[in-house]
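A short worksheet on the structure shown next.
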Amino acid sequence: MVSGLTIGERQGAIVILVLLAVIGTIMAAAAGRTGDPMSVHGFIVLLFSLAVLAVVFWGYYTPAPDEGRLKSYYDDPSKAGIIIAMIWAVIGMFVGDWVAWLLAYPDLTFDAAWSSFGRLRPVHTTGVIFGFGGNALIATSFHVMQRTSRARMPDQLSPWFVLVGYNLFCILAVSGYLLGITQSREYAEPEWYADIWLVIVWVTYLVLYLRTLARRKEPHIYVANWYYLAFILVVAMLHIVNNLAVPVSYAGAKSYSLFSGVQDAMTEWWYGHNAVAFFLTAGFLAMLYYYLPKRAERPIYSYRMSIVGFWGITFFYMWAGSHHLHYTALPQWVQTLGMSFSAMLLIPSWIAAANALLTLNGAWHKVRDDATLRFMMMAAVFYGLTTFEGSFMAIRPVNSLSHYTDWTIGHVHAGALGWVALITFGSIYALVPWLWKRERMYSLKLVEAHFWLALAGTLVYVFAMWNSGVIQGLMWRTYNESGTLAYSFVDSMIAMHPYYITRAIGGLLFLAGALIGCYNIWMTIRRPAPVAESARWDAPLPAALQPAE
Amino acid sequence: MEITHDMLVGFSKSFGLFYLLAMAAVALAYACWPSNKARFDKAARDIIEDEDVPCR
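Structure follows, in structure tokens:
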């Protein structure tokens, strides 16, 4: 890892890490005086920077990389990113299944504050969305941007800063939830200092991406890069605006939003839905537009459609967030606006789904034989299904039945498991042999097993939540002859119980698939590398022969 | 001049509609412009057949 960095970059890394360690010490000391939980975060920052510092020192005296490195792409951060993403997948899905059992059996909290549903649930959402999804996006974007630009990254330090810094943010986020540190904003729970750190990391990410694109040889920027750029740029904008807040004290975690009342709710859901759009959709569409054609060895069905779809998604999604606030104090016309744009979103969404499936026309035999490609195909199917469902649920009268029920949870997981996780696993299975220069994955049977576990888990989960959601929604709106509610809330809770157990089993299947994936990836990496290209007996001679003397 | 709720609604309903239509028109024209076709086809093909070495 460190051996790939130039001496100057190693020194740069040390300066950054020492600075970070000082900041951690100040946080721990300042918050420690008042006993604020931020002091724990100070110690985490300190320990994290010391640990990374140890790694840098460990490799500091390895010889500096020679100029030959510039003749290949820089893939070390992508490799690390994939492994970290899989670790987060296991953590996030494990906690997800834990809270699923907790809903079925609420006594499982063991009377501890940290293990209550309210604290564990964001560990799950942050673990899977930002930990698993985010690291997979960073790792694949580094790979794709270099390949499609035919240019190596401009330096070796900034990709590591992005990857390691981003994971520090994730660690601060999930550890904070367990400590009770939260802004209570969905998908934006981390407090002000973690938010500021993410801005620094994210701007570096954007600048790194733009610098690599600026070095590109291809005059045209391939469409996957547009999606990755939209993901990076818009997430920066959303994150900054939604997290505008005033800390109570610089020596404490608590802060208050700059917005209040319904404006605050609208800002949060403008952010929240666009996090779905630009974190969970645009970035993963970038994966789809690169790894699916590459794996199927067929160019994308319609490049034009991919561009039209891109602008449709970026224009329309921006306005859809207010559908999360139907029947609230939000003005009716703003709700209607969100509803209309959500309905219109079906067009660009289905453009992308259709484009992916039509690309596979003529390659269906590959989909049958190759579970990796089947992951991507199934992801496109779920993307089409989920975006249809989402547009439908955003229609106000439909929302009156679905909102606040498990139908929403079912919808989210059809997207998160069926679309986001499947395209990610498919891309990782395609990418791991390429990056580690292996002929194929360690076991194709295990890829196959993972595929069926993931698909079965998703279907069990989603069907359970559809059923429970619709039952819940109907029970909450059933009146008896005297005009009062026919069922109490507890009645609906009891009716949910079997579905909650089913859902937890579905989640367990999905987690089992991810564990198999981890083992398979690990064994692929550990398998001895094939003989180097230059050492083979049939390797070509150097092109420039020495003239005979 | 006082900025009222009705004024903002009126502005979004008039200007909002037209600027979205204009942006859609620009995006569609760019995607469907005949002379862009060759470039798009090349971009779609190039990712399939690439040697795994950077040019710079």
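Going down the list, the protein sequences come from chains A and B. Just so it is clear: in the first sequence, position 510 is 510 by my numbering, and no numbers are missing. Just so it is clear: in the second sequence, position 51 is 1051 by my numbering, and no numbers are missing. Backbone N, C-alpha and C define an ideal beta-carbon position, used for all residues, glycine too. Quick caveat, the model's predicted, so the values are computed rather than measured.
Chain A contact for residue i (CB, 8 Å cutoff)
i	result
residue 1054 of chain B	yes
residue 1047 of chain B	yes
residue 1043 of chain B	yes
residue 1008 of chain B	no
residue 1021 of chain B	no
residue 1025 of chain B	no
residue 1017 of chain B	no
residue 1038 of chain B	no
residue 1031 of chain B	yes
Where residue i falls: helix, strand or coil (DSSP)
i	result
residue 434 of chain A	helix
residue 17 of chain A	helix
residue 251 of chain A	coil
residue 61 of chain A	coil
residue 234 of chain A	helix
residue 47 of chain A	helix
residue 485 of chain A	strand
residue 367 of chain A	helix
residue 246 of chain A	strand
residue 479 of chain A	strand
residue 383 of chain A	helix
residue 256 of chain A	strand
residue 445 of chain A	helix
residue 566 of chain A	Outside the shown range of chain A, which is 1 to 549, sits residue 566 of chain A, and nothing can be said about it.
residue 91 of chain A	helix
residue 549 of chain A	At residue 549 of chain A the pLDDT is 44, less than 50, meaning the model places this residue with poor confidence and gives no usable figure here.
residue 1018 of chain B	helix
residue 187 of chain A	coil
Interface flag, residue i vs chain B, CB-CB below 8 Å
i	result
residue 263 of chain A	no
residue 364 of chain A	no
residue 189 of chain A	no
residue 146 of chain A	yes
residue 295 of chain A	no
residue 158 of chain A	no
residue 540 of chain A	Bear in mind that the predicted position of residue 540 of chain A carries a pLDDT of just 46, short of 50, making it too unreliable to give a figure here.
residue 500 of chain A	no
residue 428 of chain A	no
residue 299 of chain A	yes
Burial state of residue i (16 or more Cβ within 10 Å)
i	result
residue 294 of chain A	buried
residue 88 of chain A	buried
residue 197 of chain A	buried
residue 158 of chain A	buried
residue 304 of chain A	buried
residue 7 of chain A	exposed
residue 143 of chain A	buried
residue 1041 of chain B	exposed
residue 36 of chain A	buried
residue 98 of chain A	buried
residue 269 of chain A	buried
residue 527 of chain A	exposed
residue 135 of chain A	buried
residue 1032 of chain B	exposed
residue 361 of chain A	exposed
residue 39 of chain A	buried
residue 1052 of chain B	exposed
residue 1084 of chain B	Look at the range of chain B in this structure, 1001 to 1056, and you will see that residue 1084 of chain B is not part of it.
residue 387 of chain A	buried
residue 494 of chain A	exposed
residue 190 of chain A	buried
residue 9 of chain A	buried
residue 1030 of chain B	exposed
Rounded distance between the beta-carbons of residue j and residue i, thought under 8 Å
i	j	result
residue 160 of chain A	residue 77 of chain A	6 Å
residue 104 of chain A	residue 497 of chain A	6 Å
residue 180 of chain A	residue 128 of chain A	Contact doesn't hold; Cβ gap of about 21 Å is too wide.
residue 346 of chain A	residue 382 of chain A	The pair is not a contact, with the Cβ atoms about 15 Å apart (cut-off 8 Å).
residue 173 of chain A	residue 194 of chain A	6 Å
Residue i beta carbon near the ligand MG (any heavy atom closer than 7 Å)
i	result
residue 46 of chain A	In the structure shown, the ligand MG is absent, as is every other ligand, since no ligand is present at all.
Interfacial residues, the segment 303-336 of chain A to chain B, with Cβ spacing under 7 Å
If the cut-off is 7 Å between Cβ atoms, the segment 303-336 of chain A has 303, 304, 307, 308, 311, 315 and 333 near chain B.
- request: Determine which residues of the segment 215-242 of chain A have a Cβ less than 9 Å from any Cβ of chain B, and write them out in chain order.
  value: Taking 9 Å as the upper bound on Cβ-Cβ separation, chain B lies near residues 215, 216, 217, 218, 219, 220, 221, 222, 223 and 224 of the segment 215-242 of chain A.
Select from the segment 348-377 of chain A all residues with a C-beta closer than 7 Å to any C-beta belonging to chain B, and list them in chain order. For the segment 348-377 of chain A, which is checked against every Cβ of chain B, not one residue is closer than 7 Å.
_What are the residues in the segment 57-77 of chain A lying within 7 Å of chain B by C-beta distance?_
Identification of residues in the segment 57-77 of chain A having a C-beta nearer than 7 Å to some C-beta of chain B yields 71, 72 and 73, given in sequence order.
query = Using a Cβ cut-off of 7 Å, which residues of the segment 149-175 of chain A contact any Cβ in chain B, in chain order?
reply = In summary, the residues of the segment 149-175 of chain A whose CB is separated from some CB of chain B by less than 7 Å are 150, 151 and 152, in the order they occur in the chain.
Contacting positions in the segment 267-295 of chain A - beta carbon closer than 8 Å to chain B | Residues passing the 8 Å Cβ filter: 290, 293 and 294.
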